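First the structure, in the form of C-alpha cells, and then the observations on it.
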Amino acid sequence: MLEKTFDPKSVEPRLYAAWEASGAFKPSEDPNAETFTIVIPPPNVTGSLHIGHALNNTLQDVLTRFHRMRGKSALWLPGTDHAGIATQMVVERQLAAAGNIGRREMGREAFVDKVWEWKAESGGAITNQLRRLGASCDWSRERFTLDEGLSTAVRKVFVQLYKQKLLYRDKRLVNWDPQFQTAISDLEVEQKEVDGHYWHFAYPLADGVTFQYPVAFDEDGKATEFETRDFIVVATTRPETMLGDTAVAVHPSDERYKDLVGKDVVLPIVGRRIPIVADDYADPTKGSGAVKITPAHDFNDFGVGKRHGLPAINILTPDALLNDEVPEAYRGLDRFVARKAIVAKAEEDGWLREIEKTRHMVPHGDRSGVVIEPYLTDQWYVDAKTLAQPALKAVEEGATVFEPRHWEKTYFEWLRNIEPWCVSRQLWWGHRIPAWFGPDGHIFVEETEEEALAAAMLHYGDEAPVLKRDEDVLDTWFSSALWPFSTLGWPEKTEDLARFYPTSTLVTGFDIIFFWVARMMMMGIHFMGEVPFKQVFINALVRDEKGAKMSKSKGNVMDPLVLIDELGCDAVRFTMTAMSGQARDIKLSKQRIEGYRNFGTKLWNASRFAQMNECVRVEGFDPSTVKQPINKWIRGETVKTAAEVTRALEAPAFSDAADALYKFIWNVFCDWYVELAKPIFNGDDAEAKAETRATTAWALDVILKLLHPVMPFITEELWDKTAEFGAPRKGMLIVEKWPELPESWIDADAEAEIGWLVDTVGEIRSVRAEMNVPPGAKPPLSVIGANAETKGRLTRHRDLLLTLARLDSAREADTAPTGSVPIVLGEATGALAVAEFIDLTAEKARLAKEIAGHVVEIEKAAKKLNNPDFLARAKEEAVTENRERLAEAEAAKAKLEAALARLEAVG
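Under my numbering, the letters of the sequence shown match residues 53 to 959, in that order.
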C-alpha cells in the first residue's frame, strides 16, 4: 500500500541509483532506431549548480526522457569545461591560503600539476549536483574539455585553421585584465556604473596657428560672436591615456574646425606633435566636438588609428603601470596614481579648462573585480568573418532553427558585424597553443613538437634549431566551439560521430548566443560539413519574484539544491518547465514551487484513493470497450491530453506541455473523474465498478507516462508501488513506451454529457463563491427552458449535482423563484435561490468596496504607465510589474462587477 505521503529525500537517491545502474541513461543500441542527441552546455568544472543550471538542465532532461520513451536512441552527452581563468584563480587562492609560493615561483609544469590535483579532488561537484536534479545523462560518455581526445581535436583544428589562413597572429586591442595579466572575452567583462569626471584639456596648436571659435549664437543657431584660440579642447575620463595620444579627431562636417584639419597640436607633458584628423567618429554635438585619439588604449580610437595610419603607442605594462614610452617622471606609476599626477600638472600649467562630474560605465573583470584596460598586444585571431558566412546561411535557410524565433535576429546581428576572434589567453591552465618560434621569430604551427621541429629544419635547411613554444593557452570558448563533434570522437571517425552528429537540439541561454552558439555553428559547418544542431532552444533568464536579477549582494539568490532539499526535485523541475514560455524572463518565487509540490501531492493522494478502491491494472484491458459515460469521457480526455503534451514537447513548447498536464491531472482526473467515480465505487453495479476500476488504473498509468519527463521521481515511485497489486510491470517507467492513443477513443456524446455536468457544477460553485453563500447552505436549483436532452441529463445526474454543488434540490420549473441568481446552462437558464442564505445589502456593499479598491489600483498603475518619464527612468522589472498589476486589477474588477450585477438581479 502507498505510504500516506511521498518522501523525496529517501526516494530520489534510491531511484536515481537504480536508473543509472540499469543502463537506462545510455542510448538504445538498435541500429534502426531514430536518434535524438543533446550535448550539455558544459558547466565550469569550478561551478556549483545555480538556478540557471537548474532551468537549462531540466529542459534538456525533459526532452531526453520524452524522446527516449518514444523509442528513439536518445543520447544526452554530459561534460564539464576546464574554465581557464576561473580554475586557475581557484587554485592560486588555495595556494595563497595555505601559505605556499605563487604559480610564477612554482613554475608552469608544477602549477598545472597542482590544478589537475584540484580537479581530481574537487572538480566533480557539479556533475553530482546534476544527478540531484535527475539529469539522465549518459555518464559513461562524460567528457572534459581538457581530456586527451578533446585536446587532440583542439590542436588539429588550430593547425588546420592556420594552414587554411583562417587563423593568424596580429597586434590588436583586447580586453586586458591587469590582475590576471591576460586577455579576456567580452562575456568576462562586467560593466559597472560609477561616479567619475570628464577632464577638459586644452591642447595647444603647433606653429602658432590660431582659429576663430564661436562663443555666441542667434535663435537659428548661427554664430554671432567668436574668440581667437590657439588651442583645441578635448575631454577624457582617463587622463593617463593622453600620454599615448597620437591624434585629435574632428567631424568632417564641423565648420568650427574645418581649417584645422591637417594641422598639428603639441601634446602637453610629452611634447609630441600629433595631427588633427577628420573622422566620422567625432560627434560635433558632444562637448567641444573634438576627441583625443589613443589607438593603443581605446577600441574606437584603434579604428580611427587604422583609418588614418596613426601610430599606436602602448603606455602600460601588463600590470597597468606606466611604461618607458612615457616621460621619465611618470614611469612605473600605477595608472590611477598617474591620473592624479597628470590632472595636477594640467591644473598647474593652465591647460585644465574644466572638470565635469559624470556617471559612466566602466569595464571590470568579472572575476578579478579590477578595471579592465583596452590593451595592445600580440594575440592569435580567428578569421571569424569568413567562417561566419556559412553559419549565417544555415540559419537563413532553416538548416538550424531558433526557438523562440526572434532570437535569430540577435544571431544575425552579431554574425553580420563580427570582428576577428581573439583566441589566445595569457594563462597556464588550458590548451597550450601549438605554435613554436624559431630564433628569428618565424612561427611553426604543428600538432606536435616533433612536427614543428621537422618543419623548422625544412625551413632553415640546417641542424635542428632551438624552438620556443608559445606560452599562451587558448580561450576556453575555442574548445567549447568544437563540443558537438569533438565529444563524439572527432577527429577519429567513430561510430558515435557517424550516428549522433548532427545533434538534435541545443538548449542554452541567450547570453551566449554570440560566444558559444554562433561559434559552434561556424566550427561545426567548417569541419563537419553540416550544422552541429537542427534546433536551438533559448531558455529564459531566471529572476526573483519581482523581476529583479538574482545576485548575492541583493540577497535574493535561490539555491536549487536548497529548494530540492525543502520541496523535492519534482516540484523544482515542474516549476522550471511550466515557466519556460516565450518570455525572456522567469519570475521565480518559492510559493510557486510550493504550489507544484502540492500538485505532486494531489497526484499521490489520487493514486492512494485508486489503490484503496482496488483500482489495479488488468491484463488485456481494452479502453475502447468501456460503456460507462464517465469512463468514455476520461478516455477521451486522456487521448486529447496525450496528443497535446506530445505536440508541445515536439515543438518544444515546455510551458504548454506543463499547462496541459496540470489541467488534466489536477482538474480533470483528480477533481472531476475521481469525484464522479465515487458513486460507482460505492454502488452495487459490479460490472460498472470493475470497468471503472480498470479505467482508473489505465488512466493513471497514462498520466504517469506523460508526466514522467517533467516529474521523474514521483512518477517512477508510483509506477513501482501501484504495481504491488494487479498485473505486474515489465520494467521501470523511464524506459516505458510513450502513449500513442487513437483519436477514435474520443466519444463526442460522453464528452457532451459529462461536460454538461462539469460545467453546471462549476457555474454553481462559482456563483456560490462570488455571493459568499455559506459552505453548509443548500440552496435549491430551478432549471427553466430546458430541452429534452438537458431534462434527461438533469434526471440522470441529479444525485451527483446535489452532492457536488451542495444543492437542496434540482428540478425543472416554468419561472425563476424570487431571490434567485440566474446561471447560463446551455439553452436553459438555471436559477439558484440564494437570497435566504446571504445578506444582500451587505454583499452588495462588500462587492462595491472591493470594486472601488481595484479602481484605485487601476488608476495608480495607469498613471505610472501613462507617464513617459516613468517609462524612461524605471527599471524594466518595475514597468512590467505595473503592467501586470493593471491587467490583474482590471480582470478582478470585471469579475466583481459581473457578480454585483447578478446580486442586483436578485433584488
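For each residue, glycine too, the CB sits at the ideal point set by N, CA and C.
Note that the coordinates shown come from a computational prediction; the quantities given were computed from them, not determined experimentally.
The region 875 to 887 makes contact with the region 805 to 815: 3 or more CB pairs, one atom from each, lie closer than 8 Å. Ranked by how close their Cα comes to the Cα of P472, the residues K437, A205, T452 have K437 in first place. Our two residues, K692 and I798, have alpha carbons roughly 8 Å apart in a direct line. In this structure, V302 lies near V343, with their beta-carbon atoms less than 9 Å apart.
A distance below 7 Å between beta-carbons, with the five flanking residues on each side excluded, links L467 to the following residues of its chain, in chain order: A440, A443, L444, A570. The C-alpha of E242 lies about 14 Å from the C-alpha of K601.
Counting only residues of its own chain and dropping the five nearest sequence neighbours on each side, S203 has a CB closer than 7 Å to the CB of H483. For a cut-off of 8 Å, the C-beta gap from A187 to N108 is around 10 Å, too long to register as a contact.
Excluding residues up to 5 positions away in sequence, I910, A913, A914, L917 lie with their Cβ nearer than 7 Å to the Cβ of L938 in the same chain.
Per the C-alpha coordinates, the member of E499, E743, R221 positioned closest to S476 is R221. Judged by pairs of C-beta atoms under 8 Å, the region 261 to 277 does not touch the region 244 to 253, as fewer than three such pairs exist. Short of 8 Å from the beta carbon of V825, and not among the five residues preceding or following it, lie these beta carbons of its own chain, in chain order: V819, P831, V886, F889, I890. Distance between K730 and L185, taken at the CA atoms: about 37 Å. A distance below 7 Å between beta-carbons, with the five flanking residues on each side excluded, links V267 to the following residues of its chain, in chain order: E277, F278, E279.
When DSSP states are grouped into helix, strand and coil, Q431 belongs to the strand group. In this structure, Y553 lies away from M575, with their beta-carbon atoms at least 9 Å apart. With 16 or more other Cβ atoms inside 10 Å of its own Cβ, F589 counts as buried. For I407, DSSP records a beta bridge to W251.
Apart from sequence neighbours up to five positions away, the residues of its chain that approach G384 with a beta-carbon distance below 8 Å are L373, L374, ordered along the chain. Bridge partners of K520 according to DSSP: F489. Secondary-structure assignment with DSSP links W473 through a beta bridge to V434. The shortest CA-to-CA distance from L833 to any of A800, N734, A868, I806 is the one to A868. The DSSP-derived three-state label of N591 is strand. Comparing C-alpha distances from H119 to each of I836, I90, R687, R925 shows the shortest one belongs to I90. Under the rule that a run must span 4 or more residues, the alpha helix (DSSP H) segments found entirely inside the region 613 to 691 read 621 to 630, 642 to 664. Excluding the 5 residues flanking it on each side, L613 has same chain C-beta neighbours closer than 7 Å at L101, Q181, R184, in chain order. In the three-state reduction of the DSSP assignment, D723 falls in the helix class. Taking each of V286, I367, D435 in turn and checking the Cα distance to Q216, the smallest one comes out for D435. Around the beta carbon of N734, fewer than 16 other beta carbons lie within 10 angstroms, which makes this residue exposed. Under the 8 Å Cβ criterion, the region 642 to 657 counts as touching the region 619 to 629, having at least three qualifying pairs. Annotated three-state conformation of H458 is coil, per DSSP.
Under DSSP, W228 forms a beta bridge with A235, E425.
The DSSP-derived three-state label of E582 is coil. Excluding five sequence positions before and after G778, the CB atoms of its chain that fall closer than 6 Å to its own CB belong to V668, R669, given in chain order.
One Cα belongs to G357, the other to P426, and the distance between them is close to 14 Å.
For D316, no alpha helix (DSSP H) run applies; the uninterrupted beta strand (DSSP E) run containing it begins and ends at 316 to 318, by DSSP.
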